[in-house]
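One structure is given below, encoded as structure tokens.
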Amino acid sequence: MFCTCSLQINQDSESLVICGILCSGCAYYISGVVMQERGPVFVTAFNPLGMVIIAVLGSFILSEKLNLGRYITTSMS
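Just so you know, the sequence shown maps onto residues 1 to 77 in this note's numbering.
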């Protein structure tokens, strides 16, 4: 009863993992620097703004469709 499925890791998946790690690291570093300079309230206040920017850029760059539900969910968080 062993699983015989295998996960094939190729260059594309490795680059996605590395890009994700680097982008997350950059985001945490920038948040830390801003938190030291301006305080935690500043970082917390602009955290939802990042979600809005990502939604807008995703619609333009990746041609994603935005629904009204996504706008409402983004504005509520």
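Virtual Cβ for every residue (Gly too), placed ideally from N, Cα, C.
For G32 and V56, the rounded distance between their alpha carbons
Their backbone Cα atoms lie some 25 Å apart in a straight line.
Measure the C-alpha to C-alpha separation of L66 and F46 and round it to an integer number of angstroms.
21 Å
Residues in the same chain with beta-carbon distance under 6 Å from V43, minus the five sequence neighbours each way, listed in chain order, please.
S31, V34, M35
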